[in-house]
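The structure appears below as structure tokens.
There are 2 protein chains.
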Amino acid sequence: MDFDSFFSRRLRGSAMPDHGLRRIGSPDMIQFGGGLPDPALHPAAELRRLFDQILAANEGGILGYGYEQGDAVLRELIAYRHRKEGGSAGADGVVLTNGSAGGIGLVAAALVDPGDVVIAEAATYPGALKAFRQMGAEIVATPIDVCGLDPTGLEAALKELDRDGRRAKFLYTIPTCHNPTATVLSLERRQAVADLAERHGLLIVEDNTYGDIRFGPTPPPLIALAPDRTIHLGSFSKTIAPGLRVGWAAGPDEIAAGLARMRTDLGISPLIQRVVTRFIEDGTFTSHLAHVTKHYRRKRDAMLASLERHCVDVAQWSDPEGGFFVWLTIPHGDVGEVLDAAEQEKVSFIPGTYFAATPGACSQSLRLSYGEIAEDRIDEGLRRLGRALAAVVKPDGRRRWR
Amino acid sequence: MDFDSFFSRRLRGSAMPDHGLRRIGSPDMIQFGGGLPDPALHPAAELRRLFDQILAANEGGILGYGYEQGDAVLRELIAYRHRKEGGSAGADGVVLTNGSAGGIGLVAAALVDPGDVVIAEAATYPGALKAFRQMGAEIVATPIDVCGLDPTGLEAALKELDRDGRRAKFLYTIPTCHNPTATVLSLERRQAVADLAERHGLLIVEDNTYGDIRFGPTPPPLIALAPDRTIHLGSFSKTIAPGLRVGWAAGPDEIAAGLARMRTDLGISPLIQRVVTRFIEDGTFTSHLAHVTKHYRRKRDAMLASLERHCVDVAQWSDPEGGFFVWLTIPHGDVGEVLDAAEQEKVSFIPGTYFAATPGACSQSLRLSYGEIAEDRIDEGLRRLGRALAAVVKPDGRRRWR
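So the sequence lines, in the order shown, correspond to chains A and B.
Position in the first sequence (from 1) plus 489 gives the number in my numbering.
Position in the second sequence (from 1) plus 489 gives the number in my numbering.
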């Protein structure tokens, strides 16, 4: 039977780029692959204690439906964190989602009409591009440099749209611990982005999925700088565990109400909402986040030390200020060839083209994740990567991005 | 700021009917309202034990991502149940979803293009209508009678579409323990529906949300009668607990792969998937389902006995063969007036118009749910309803539907 004839244009247009990803999974490989947190950090014991307490009490409909917006106590805890960072959202401005990925899908369905323009960074989270394109978005890429989104480039893109009589509905951006490049956008640039959004009448969708894992001081989030036009997407997936599937969208009350009205899945689990609430209320979240951040900082340091040892002269890379990623650029060589050589050496990574907002772009770069990999495998993995790079890349004076 | 101008047509068109629902919630009311299971049946102790065991072992990525299709073991357990009922689905034909409501949303996004025709029963689950309309469906209502979907009416609707040169993409139907009318469609009618789908080249979306709670023998599901063109939506929300948010879509492998490809939310919690898997594997599900079914049968009996006592002469009602609902029809009276009178009497229900596939239809009916209500409140609740009915309805020879 021809099932394709039943599929919507949304589905038919929702293929993801492959770019050699099928080759990264074999078990004897050392993988610098996905954006997964370190399983050694999953707070299984604390969660076990909380599930036990909460199921023993079995109060307040924890095994019933979660409904559209989610538990008011957890929403208020999230709003409180945003207010501490300068935002103004209250509990009514927060919608709990199935991870930040669920928030992206909800935003896509609630905001994007076919033909709408969505601006995204030239390298970005491909799952978001997929969600926006499914709903019919035309993606316009805005340039990034070693410091992240370049407001000058954004302004040029907006002016070009204005000239064409078109309007961008929103800018999708990852200003803090960018995926895949690991940059943290400066306050000056954030302010410039907020001003441009105001001037050109577009919303900002601020994806903060990795933004809670920061190795130094960070400028305020865009939701604090442009509270009237920012939808902030957050997640507990990287800081507690992906298996909880709890994230949120925060923004103006009217937007939150719209997102809730778009929903038809009857919400996320109230049991798990309660677990997360208690995890925050009893102080575990604060201490766990400090522990997690320290752990990833140590892994980041190990990555940089091993890159110095094994990949010098053949690649440039970013100094991550947070998150899980190092963005490697190979000025003289082909990432496809590196992928072949890396397969031989039993090491894997994700090619830059996977993250490109414009097909084919980012072809000189690749992403290394130190999220999931065991700390004691990092050096051996990068030794293998160094050999793969050396086999195909012409040596060049390597320098760091910053 | 004019936030509405940022909202998609999908969102702007997704208002739900109200029909007096805001009046059903006050605390001193006896509520025959939502399709919620009885909280007294939530197996909190068994779930507590399983969460404890599973989090203590913390194996196999249970705190990681669930990904698009979900755990293969749970999918095979679900497929096995379908094969026992005559289906042919394997694990590859199953996608785990955020309850069956999540499955409905996924089906809507993956199949419905703006302008597509979706056929639905004249009274049906309004959340499904909302999801299909959000994605641009035009809903065509097909008539139901006291035995459920009328295949003659379906054939007429299909022929009319043919004459207009239009094609229905799918029929959305609830053949077993129908919401809101509680009917179980006969084998003959099921076969007729399957034949019509084959002849007219449409898919069937079989919503079986309440279908596991049956008080007698049931004909095979449509997925067994039309396996090549049926997407079966199942749920553990009514049989275990809504708070798990686990349901599934089962069908041809190509459809399941399409639904998985549509997904951008990174799947449902693998921790909860494991809990459900163990709940089934260790035999708890089978015994719990027997217990649950017996409990609802007893409540159904209490409903019918109290209706006989308090509502005779003013209403007709269905004999539910499963699920949570009694569908009450008032031949001589206005349901809006009954709603007003019921509010005075401190009893609530959901008016039939809420379930109408065509706005304004079902205006002589109302749905009573015995899912959530405590058993010992049923008689008093129906006594109040009887008073409300008597106040506004002219007496008439009442008769049962069957």
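Ideal Cβ placement from N, Cα and C applies to all residues, glycine included.
- For the C-beta of Val601(A), the chain B residues within less than 7 Å are, from N- to C-terminus, Ser497.
- Close to Arg622(A), with beta-carbon spacing below 8 Å, lies no residue of chain B; the smallest spacing is near 10 Å.
- Boundaries of the alpha helix (DSSP H) harbouring Ile712(B): 711-714, taken from the DSSP string.
- It is roughly 51 Å from the alpha-carbon of Gln558(A) to the alpha-carbon of Val882(A).
- Of all residues in the stretch 573-599 of chain B, those with a C-beta nearer than 7 Å to a C-beta of chain A are Asn587, Gly588, Ala590, Gly591, Ile593, Gly594, Ala598, Ala599, reading in chain order.
- Interface criterion met: the Cβ of Ser503(B) is under 8 Å from a Cβ in chain A.
- Among the residues of chain A, those whose CB is under 7 Å from the CB of Lys658(B) are Phe495, following chain order.
- For Ala545(B), the C-beta contacts it makes with chain A under 9 Å involve Ala533, Ala534, Arg537, in order along the chain.
- The beta carbon of Ala568(A) sits no closer than 8 Å to any beta carbon of chain B.
- In this structure, the beta-carbon distance from Glu610(B) to Ala846(B) falls below 8 Å.
- Judged by DSSP secondary structure, His784(A) falls outside any beta strand (DSSP E) and instead within the alpha helix (DSSP H) spanning 773-799.
- Rounded to whole angstroms, Ala877(A) and Tyr785(A) show a C-alpha spacing of 25 Å.
- Annotated three-state conformation of Glu548(B) is coil, per DSSP.
- Per DSSP, Ser589(A) is one residue of the alpha helix (DSSP H) stretching across 588-600.
- For Asp517(B), the CB contacts under 8 Å within the same chain, skipping 5 residues up- and downstream, are Lys835 in chain order.
- Between the stretch 573-580 of chain B and the stretch 715-724 of chain B, the count of C-beta pairs closer than 8 Å reaches three or more; the two stretches touch.
- Under the 8 Å Cβ criterion, the stretch 813-830 of chain A counts as touching the stretch 661-675 of chain A, having at least three qualifying pairs.
- In chain order, Ala599, Gly747, Arg750, Met751 make up the part of chain A whose C-beta sits under 7 Å from the C-beta of Leu500(B).
- Interface annotation, Lys619(B): in contact with chain A, CB-CB separation under 8 Å.
- In this structure the stretch 636-644 of chain A does not touch the stretch 586-604 of chain A; the number of beta carbon pairs closer than 8 Å is below three.
- Secondary structure note for Glu627(B): its beta strand (DSSP E) is the uninterrupted segment 627-631.
- Here Glu861(B) really is in contact with Pro526(B); their C-beta atoms are around 7 Å apart, less than 8 Å.
- Shown here, Gln805(A) sits in a strand according to DSSP, grouped into three states.
- Sequence-ordered contacts of the stretch 553-568 of chain B with chain A read Gly553, Tyr554, Gly555 [C-beta pairs closer than 8 Å].
- Following the DSSP letters along the chain, one finds His689(B) inside the alpha helix (DSSP H) bounded by residues 676-689.
- Pairing His799(A) with Leu855(A) gives a Cβ-Cβ distance that is not under 8 Å.
- Looking only at Ala831(B), Leu857(B), Ala568(B), Asp829(B), the smallest Cα-Cα distance to Gly841(B) is reached by Leu857(B).
- Annotation: Leu793(A) to Asp802(A) spans about 14 Å, alpha carbon to alpha carbon.
- In this structure, the alpha-carbon of Gln762(B) lies about 7 Å from that of Val735(B).
- The alpha carbon of Ile519(A) has as its nearest neighbour, out of Phe838(A), Thr662(A), Pro759(A), the alpha carbon of Phe838(A).
- The alpha carbon of Pro664(B) has as its nearest neighbour, out of Leu691(B), Pro710(B), Glu687(B), Val764(B), the alpha carbon of Pro710(B).
- Counting of Cβ neighbours within 10 angstroms places Ser726(A) among the buried residues, the total reaching 16 or more.
- Going by DSSP, Ala617(A) is part of the alpha helix (DSSP H) stretching over 615-623.
- The criterion of a C-beta distance shorter than 8 Å is not satisfied by Val601(B) and Leu748(B).
- Neighbourhood of Phe492(B) in chain A, by CB distance below 8 Å: Pro741, Glu743, Ile744, Gly747, in chain order.
- Any Cβ of chain A closer than 8 Å to the Cβ of Phe521(B) would place that residue at the interface, and such an atom is absent.
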